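Everything on this sheet refers to the single structure shown next.
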Amino acid sequence: MTVSELMTCHPLAIEVFFKRRMHCVGCPTETFHTMEDVARINGMLLEDLMKDLQEAIDTRGQSTAD
Numbered sequence: 178m179t180v181s182e183l184m185t186c187h188p189l190a191i192e193v194f195f196k197r198r199m200h201c202v203g204c205p206t207e208t209f210h211t212m213e214d215v216a217r218i219n220g221m222l223l224e225d226l227m228k229d230l231q232e233a234i235d236t237r238g239q240s241t242a243d
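Every letter in the sequence shown is one number past the one before it in the numbering used here, and letter 48, counting from 1, is 225.
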């Protein structure tokens, strides 16, 4: 899943990118980069990023794609 797809399906995940001071929101490459890409580019563990994203999705709302 790309950053763009994630933000479209789960808008509350955007908070995670802001809190981690990642520049994914509005980035021209958000339609190409996967979570693995952005974790690597930002020097963080994929598992940590995915945990934060999952928590944001699970505890703060449902998918808008339903």
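Ideal Cβ positions, reconstructed from N, Cα and C, are used throughout, including at glycine. Quick caveat: nothing in here was measured; it's all calculated off a predicted structure.
*Measure the CB-CB distance between Cys-186 and Phe-194 and report whether it falls below 8 Å.*
Counted from its first residue, the sequence shown places residue 186 at position 9. Counted from its first residue, the sequence shown places residue 194 at position 17. Not in contact: Cys-186 and Phe-194 (Cβ atoms no closer than 8 Å).
*Please state whether DSSP places Thr-236 in a helix, a strand or coil.*
By one-based count along the sequence shown, residue 236 stands at place 59. Thr-236: helix per DSSP, three-state reduction.
*Note down the Cα distance separating Asp-235 from Thr-206, rounded to an integer number of angstroms.*
Counting from 1 along the sequence shown, the entry for residue 235 is found at position 58. Counting from 1 along the sequence shown, the entry for residue 206 is found at position 29. Asp-235 and Thr-206: Cα-Cα distance of roughly 26 Å.
*asked:* I need the straight-line Cα distance from Asn-219 to Met-199, nearest angstrom please.
replied: Here residue 219 is taken as the residue at index 42 of the sequence shown, counted from 1. Here residue 199 is taken as the residue at index 22 of the sequence shown, counted from 1. Their backbone Cα atoms lie some 7 Å apart in a straight line.
*Which residues does DSSP pair with Thr-185 in a beta bridge?*
Within the sequence shown, the letter at position 8 stands for residue 185. None, per the DSSP bridge assignment.
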